[in-house]
Structure formats: structure tokens, C-alpha cells
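Numbering (our numbering), first residue to last: 878 to 1010.
We put the beta carbon where it would ideally sit given N, CA and C, even for glycine.
These numbers come from a predicted model, not from an experiment.
Quick notes on the structure that follows.
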């Protein structure tokens, strides 16, 4: 998350930097939805298999507000676009939305930590969170 925050903090990204921003977003999103999945299993006894279902369940247990849920579901759609489609215009539009998503990912992480999500020893940031398979 720290690396995503660094990328979001830069102005006037070059094309290569923008592509790096998108890749950092992809990594952070993948980690966070899997942490959300683990959180739901460990704390709520829910075994959820997809990112959208995880997000909806996180809303049900109070991690996300309605607005955050809407944003997070859009984030899933954008993450899926990066995996299946890539063109210059899409990259520019997505890079702009990542600025909003970065704040949402930070809030998501903070809320789970505040709900006593179990982090491994010395794991201060979500890029280092232990994810069970």
C-alpha cells in the first residue's frame, strides 16, 4: 500500500510511471480482497469465493458503508479490465480513478485492522499481510 501511495502522490506521471501505478493498484487490490476473504472466514465464519461477494459481505458486517461498497464494486470492474483489456485511453481513465481507489484501499485496510484482523508478526502494511490459501 505504501508503494501505491507513493505512486499516487506523484504529479504528471510518465506513461511508464502510470503503468506502474496501475500495476501497484492491481497488486494491492488482489491482496486486499483476499485479506477481506480471510477476515470474513476468520471473524464471521463466511467462506466467500469472489471479490464482489467479499465486498458485499464486508458491507453486511459493517466494514464498508453503502458508498464504499459501490466504489469497491467499481474497483473490481476496473481491476478486471486491467486483466483483460489494455489500451491507452483506458489506462488514462483508470489511472485517474486509482486516486480514489487508493483512499478506499487504505480505509479498507484500516477498518479490518481496527476490527482486530490478525496480522503476522511485524506486518504493518497490507502488502505484507499473510494470506492463507
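- About 6 Å separates the beta carbons of residue 934 and residue 923, which is inside the 8 Å limit, making them a contact pair.
- Between the beta-carbon of residue 903 and that of residue 956 there is about 6 Å, and that keeps the pair under the 8 Å contact cut.
- In the three-state reduction of the DSSP assignment, residue 922 falls in the coil class.
- Closest by C-alpha distance to residue 948, out of 987, 932, 968 and 969, is 932.
- Fewer than three pairs of CB atoms, one per stretch, sit closer than 8 Å, so the stretch 959-971 makes no contact with the stretch 939-948.
- Contact annotation: residue 992 and residue 908 have beta-carbon atoms that are not nearer than 8 Å.
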